[in-house]
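Participant: First the structure, then my questions, so here it is.
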Amino acid sequence: MSTSETTAVAAPAPVPTAAALALGDDALVLSHRLGEWAGHAPVLEEEVALANIALDLLGQARVLLSMAGDEDELAYLREERAFRNLQLVEQPNGDFAHTIVRQLYFSTYQHLLYTELAAGDGPFAPLAAKAVKEVAYHRDHAEQWTLRLGDGTEESHARMLRAGEALWRFTGEMFRPVDGVDVDGERMEAAWLAAVGEVLRRATLPLPEGPRAGAWAAGAGRQGLHTEPFGRMLAEMQHLHRSHPGASW
Amino acid sequence: MATAAAHQTASSQTYGAEGAVDDTTAYQSVFDAAVAADERIEPRDWMPDAYRATLVRQIAQHAHSEIIGMQPEANWITRAPSLRRKAILMAKVQDEAGHGLYLYSAAETLGTGRDELLDKLHSGRQKYSSIFNYPTLTWADVGAIGWLVDGAAITNQVPLCRCSYGPYARAMVRICKEESFHQRQGYELLLALSNGTPEQHAMAQDAVDRWWWPSLMMFGPPDDESAHSAQSMAWKIKRHSNDELRQRFVDICVPQAESLGLTLPDPDLKWNEERGQHDFGPIDWTEFREVLKGNGPCNEQRITQRRKAHDEGAWVREAATAHAAKHTGEKGAARA
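Below you can see the structure in the form of structure tokens.
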């Protein structure tokens, strides 16, 4: 509009497409995984909670992908090697412990990230300001379940140990720099380790000891190098859309 | 209101217990008067045992239908063809879990527990709506379920907002609002398909062809075969007969199908000027009875998935209980 052009002090910052894709893909893929729980949750309240979190993430994904292009083209017509999500979020649901640990690791990261982005004046600030409230709820949900399961029964404790260790190797990737995301990765990583360590401690669980970085595990998803289950997930997600080229829904 | 005061009094007398047998007739007449005056019966009021049992059965079956009803739609969450449709579908399935929770709470006011009701569902001692034993074979089925299945449910449930049992009536007010929203979304989904490519149009027509008759069966057996109808109507749990509601639904759907550009699969369907209603063809009651008996296309699959979710979740519920017991004995957030 002409008025805004004449009164604008500075041109809006160009949208960093690569960053919008990386953050959008994280939300899209994790939302999809959580959607797989519908009708399978251990208790009705969790049907509601997991669907709720999935919906929040899908909402974030739609905003972020729309910043980078057409949300449906990006979600349904890219192949595996073009997706930029973290390997962590594409990991299969496994048992409820795996889902909760994946959620704890990711929500803690996303909460730290969005808190910082919301405080800045970059192109993601408006989205982050809204999403940070949702993410705080996701984080709380994951923490509460970590406490219940870690400090619950012998079986739940053992399952949480297994899940915590199995997913640990995917956590280093979260703190690799993403072009266009203006945050201090090292500082965020320290905050993340402290926060997750504290929740695990309260849940009577040790901080896993395995590597969090390696040639393949760290930074790979952001480069379009994914784990095997991801291709199958996309095949299911994209099948119908791809079967009707150009159709609207 | 005079009768309301009276039935509250009657209920407090039951706690006095002595002479309760002699008082039953008095309580019964207070109850009858409250129902006749269109007052709400509340959990602490005296009520006939058969009224209580009928409500437990009906509300539990309704709750179970919400929970089992998540499955045919959840079947398409991971394949929804656009992110907008995926979000709508996820929200809908989430609402259904919420409706199940309201309804289990309403049933619990009658002195039964959610665990017990779920146990009866899992062991086949309580039923859920026969409609959810049909498979969702294409994306258009999600639209047909919204338009027809939710449409039939609303036609059935709106009168329940005036049901004589207060907690049930209030749950229905909330549920009907959300259901109407789902129904419009289903209609809109079908409209997009109907106006889309020839393949999409055919997909929509095929779904309507498969869901039309099962939706008409949702109103239950014809009036002359409906065992509980007369008593439920006398108690004002039910306000209209099965056939009346079914007719109302057909009359609503015919013009909607026309504006969708889709046909309903009934060669006998036509406007009857004299009655001011549509005539429609005979329903296959043999199929209905088979599905109710457990021989529908998905009965086995639906109940197996429900049991599996419950069984595989047992360790989670046990952990929540154990954690709650360790920490100040507060109530667990999850229940068995």
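Heads up: the protein sequence lines correspond to chains A and B, in order.
The first sequence begins at 2 in our numbering and counts up one residue at a time.
The second sequence begins at 7 in our numbering and counts up one residue at a time.
Cβ atoms here follow ideal geometry from the backbone N, Cα and C, with glycine treated the same way.
Fair warning: this is a prediction, and the values are worked out from it, not measured in the lab.
When you compare the CB positions of A/R160 and A/T109, do they come within less than 8 Å of one another, or not?
Facilitator: Along the first sequence, read from residue 1 onward, the residue named residue 160 of chain A stands at position 159. Along the first sequence, read from residue 1 onward, the residue named residue 109 of chain A stands at position 108. Against a cut-off of 8 Å, the Cβ pair of A/T109 and A/R160 comes out as no contact.
Participant: Would you please verify whether the beta carbon of B/T30 is less than 8 Å from any beta carbon of chain A?
Facilitator: Here residue 30 of chain B corresponds to residue number 24 of the second sequence, with the count starting at 1. Answer no: the Cβ-Cβ gap between B/T30 and chain A never drops below 8 Å.
Participant: Residues of the stretch 33-66 of chain A with a CB closer than 8 Å to any CB of chain B: list them in chain order, please.
Facilitator: Listed by position along the chain: H33, G36, E37, A39, G40, H41, A42, P43, V44, L45, E46, E47, E48, V49, A52, N53, A55, L56, L59, G60, A62, R63 and L66.
Participant: Can you tell which of A/A167, A/L58 and A/M68 has its C-alpha closest to the C-alpha of A/K134?
Facilitator: Position 133 of the first sequence, counted from the start, is the residue given in the question as residue 134 of chain A. Closest option to A/K134, Cα to Cα, is A/L58.
Participant: Taking all protein chains shown into account, decide if A/E155 is buried (16 or more other Cβ within 10 angstroms of its Cβ) or exposed.
Facilitator: If you number the first sequence from 1, residue 155 of chain A lands on position 154. So A/E155 counts as exposed.
Participant: With burial defined as no fewer than 16 other Cβ atoms inside 10 Å of the residue's Cβ, what is the status of A/L78: buried or exposed?
Facilitator: Taking the first sequence and counting its residues from 1, one reaches residue 78 of chain A at position 77. Counting Cβ neighbours within 10 Å, A/L78 comes out exposed, since fewer than 16 surround it.
Participant: Exposed or buried, B/R252, counting other C-beta atoms within 10 Å across all chains shown (16 or more means buried)?
Facilitator: Numbered from 1 along the second sequence, position 246 holds the residue referred to as residue 252 of chain B. Answer is buried; the Cβ neighbour count reaches 16.
Participant: Label B/K244 either buried or exposed according to how many other C-beta atoms from any shown protein chain fall within 10 Å of its C-beta, with 16 as the threshold for buried.
Facilitator: For this step, residue 244 of chain B is matched to residue 238 along the second sequence. Classification of B/K244: buried, given that the 10 Å Cβ count is 16 or more.
Participant: Could you work out which residue in A/F176, A/P93, A/G181 and A/A20 is closest to A/E187 when comparing CA atoms only?
Facilitator: Position 186 of the first sequence, counting from 1, holds the residue named residue 187 of chain A. The option with the nearest alpha carbon to A/E187 is A/F176.
Participant: In chain A, what lies closer than 7 Å to B/T203 by C-beta?
Facilitator: Reading the second sequence from its first residue, position 197 is the one you call residue 203 of chain B. What B/T203 touches in chain A: H245 and A248.
Participant: On the DSSP bridge assignment, give the partners of B/K242 in chain order.
Facilitator: Locating residue 242 of chain B in the second sequence gives position 236, where the first residue counts as 1. In the DSSP output, where bridge partners are listed per residue, B/K242 has none listed.
Participant: Since A/V184 and A/L114 are thought to touch, with beta carbons under 8 Å apart, how far apart are those beta carbons, to the nearest angstrom?
Facilitator: On the first sequence, residue 184 of chain A is found 183 positions in, with the first residue counted as 1. On the first sequence, residue 114 of chain A is found 113 positions in, with the first residue counted as 1. Right, their Cβ atoms sit about 6 Å apart.
Participant: In chain order, what residues of the same chain have a beta carbon less than 8 Å from the beta carbon of B/N301, not counting five sequence neighbours either side?
Facilitator: As a first step, residue 301 of chain B is located in the second sequence; it is residue number 295 there, counting from the start. Result list for B/N301: empty, nothing under 8 Å.
Participant: Comparing the C-beta of B/A16 with each C-beta of chain A, is any distance below 8 Å?
Facilitator: On the second sequence, residue 16 of chain B is found 10 positions in, with the first residue counted as 1. With a pLDDT of only 48 at B/A16, under the threshold of 50, the placement of this residue in the model should not be trusted; the figure read from the coordinates follows. False, the Cβ-Cβ gap to chain A never drops below 8 Å.
Participant: When you compare only the Cα positions, how much space is there between B/A177 and B/A112?
Facilitator: The sequence position of residue 177 of chain B within the second sequence is 171, counting from 1. The sequence position of residue 112 of chain B within the second sequence is 106, counting from 1. Computed Cα separation, rounded: 7 Å.
Participant: So which residues on chain B does A/E74 lean against when the C-beta distance must stay under 9 Å?
Facilitator: By one-based count along the first sequence, residue 74 of chain A stands at place 73. Correct list: empty, because the minimum Cβ distance to chain B is about 10 Å.
Participant: At least one CB of chain B closer than 8 Å to the CB of A/M238: is that the case?
Facilitator: In the first sequence, residue 238 of chain A corresponds to position 237, counting from 1. At least one chain B Cβ lies under 8 Å of A/M238.
Participant: What are the boundary residues of the beta strand (DSSP E) that includes B/H284?
Facilitator: If you number the second sequence from 1, residue 284 of chain B lands on position 278. Run containing B/H284: Q283 to D285, per the beta strand (DSSP E) assignment.
Participant: Would you say the stretch 276-289 of chain B touches the stretch 199-206 of chain B, given that touching needs at least three Cβ pairs under 8 Å?
Facilitator: In short, these stretches do not touch, since the Cβ pair count stays below three.
Participant: Which residues, taken in chain order from the stretch 307-331 of chain B, show a beta carbon closer than 9 Å to some beta carbon of chain C?
Facilitator: Going by chain labels, chain C is absent from the structure shown, which instead holds the protein chains A and B.
Participant: Express the C-alpha separation of B/G152 and B/A43 in angstroms, rounding to a whole number.
Facilitator: What you label residue 43 of chain B is simply residue 37 of the second sequence in a count that begins at 1. What you label residue 152 of chain B is simply residue 146 of the second sequence in a count that begins at 1. Their backbone Cα atoms lie some 36 Å apart in a straight line.
Participant: Give the straight-line distance between the Cα atoms of B/D249 and B/P228, rounded to the nearest whole angstrom.
Facilitator: For the purposes of this step, residue 249 of chain B is taken as residue 243 along the second sequence, with counting starting at 1. For the purposes of this step, residue 228 of chain B is taken as residue 222 along the second sequence, with counting starting at 1. Their backbone Cα atoms lie some 6 Å apart in a straight line.
Participant: Return the CA-CA distance between B/L95 and B/G319, expressed in angstroms with no decimal places.
Facilitator: Locating residue 95 of chain B in the second sequence gives position 89, counting from the first residue. Locating residue 319 of chain B in the second sequence gives position 313, counting from the first residue. Taking the straight line joining both Cα atoms gives about 24 Å.
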